[in-house]
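Participant:
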Amino acid sequence: MPELPEVETIRRGIAPHLIGRRVESVVVRQPRLRRPVPAELAEHLDGQPLQAVGRRGKYLLLHFPNGTLLIHLGMSGSLRVLPGASPAGRHDHLDLCFEGERRLRLHDPRRFGLVDWQALGTTHPWLARLGPEPLDADFHAQWLTQQAAGRRRPIKSLVMDSAVVVGVGNIYANEALWQAGIHPRRPAGDLAPPELVRLVEAIRQVLQAAIAQGGTTLRDFTRADGRPGYFAQSLAVYGRAGEPCNRPGCGGRIEQTVIAQRSSYYCPQCQPAP
DNA sequence: CTAAGGACCTGTCGGC
DNA sequence: TGCCGACAGGTCCTTA
């Protein structure tokens, strides 16, 4: 479900409710996510005050004095801040109960999510090989050019590779390629320098616009308070197969195909095939 | 090294 | 109405 804009929206949503509060208890109802939730989570967290809520790619980072709790929401995960006594439903796998009757609840029907502990002063293996943040200055055309050089894999698959750049999932990869006028199946190494410049700019722009709208709600994404995100109405290609291209004067119709096992959308007019 | 495909899960939707 | 397959916002691991 969540790509970078959705995770950032959640980060901003939960932080003000929880920062400065101590964890009073941890409830694990279902430890079997993609990896088992560590059994000693409560020992790490009990009594610790939450100092900050960060994000690296699609990982949320809950910083405590003794370490960091990593949360990845996978395809279907969501987090809500709830009152202290909120009855749990199906797929409510984990609660962090904070002082002052605040409860952070992880809900994840598909259980592709991840939760793990990173001790102070260590780097978790999940974070060790991540590429630059797309909205930071070290994500630039020169970096993408270096990553694309000599690669035959489709450009869409390259920009979705978290070692190249983090946080770009299926929706925003499709959107950014449309905005840059690049066909998703083009071999990465064949892109011309101006195309790579445009693509970097498009990725930045699409992600920033989506964050400003609170992310994309297709079916079940909600912010920490339960509201949807409004970027869905700004999607140019994702989920729009058969509909007309939005580019003024284009007149193409959006097509759908599969690239690297993921649904891919593009306009055959303004994103010429390889 | 690169790239592709399966695996992990449940829910929903469309077709018959 | 009910069943069955396809598909869904992600990543890790194995295989070629």
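By my numbering, the letter at position 7 of the first sequence is numbered -13, and the numbering carries on one by one without gaps. Even glycine gets a Cβ: it sits at the ideal position worked out from N, Cα and C. Treat the numbers as computed from the prediction; the structure is a model and nothing was measured.
Here's the rule I'm using: 16 or more other beta-carbon atoms within 10 Å means buried, otherwise exposed. How should residue 100 be labelled?
Facilitator: Label assigned to residue 100: exposed.
Participant: By DSSP's criteria, residue 99 is part of a beta bridge. Which residues make up the other side?
Facilitator: DSSP, once it has assigned bridges, lists 47 as partnering residue 99.
Participant: Tell me which residues share the same chain as residue 110 and place their Cβ nearer than 8 Å to its Cβ, disregarding the 5 neighbours each side in the sequence.
Facilitator: Excluding positions up to five away in sequence, the list reads 36, 37, 142, 143 and 146.
Participant: Applying the 10 Å Cβ sphere with the 16-neighbour rule, what's the burial state of residue 182?
Facilitator: With 16 or more Cβ atoms within 10 Å of its Cβ, residue 182 is classed as buried.
Participant: What did DSSP end up calling residue 119 once you bin it into helix, strand or coil?
Facilitator: Looking at residue 119 - three-state DSSP - the assignment turns out to be coil, as it is neither helix nor strand.
Participant: From residue 48 to residue 125, what does the alpha carbon distance come to, in whole angstroms?
Facilitator: C-alpha separation (whole angstroms): 34 Å.
Participant: Could you compute how far the alpha carbon of residue 98 sits from the alpha carbon of residue 223?
Facilitator: Answer to the nearest angstrom: the Cα atoms are 46 Å apart.
Participant: Can you list, in chain order, the residues of its chain whose CB lies under 6 Å from that of residue 150, leaving out five sequence neighbours each side?
Facilitator: For residue 150, where only same-chain residues beyond five positions count, the Cβ hits under 6 Å are 242.
Participant: So, at 6 Å on beta carbons, what are the nonlocal neighbours of residue 14 in its own chain, with the 5 sequence-adjacent residues on each side left out?
Facilitator: Within the same chain, residue 14 has close Cβ partners 92 and 94.
Participant: Is DSSP giving residue -3 helix, strand or coil here?
Facilitator: Note: residue -3 maps to helix in three-state DSSP.
Participant: Between residue 44 and residue 53, what straight-line distance do the alpha-carbon atoms span, to the nearest angstrom?
Facilitator: Taking the straight line joining both Cα atoms gives about 20 Å.
Participant: Whole angstroms is fine: what's the gap from residue 239's alpha carbon to residue 136's?
Facilitator: Distance between the alpha carbons of residue 239 and residue 136: 8 Å.
Participant: Using only alpha-carbon positions, find the residue among 208, 83, 228 and 209 that is nearest to residue 65.
Facilitator: The shortest C-alpha separation from residue 65 is found at 83.
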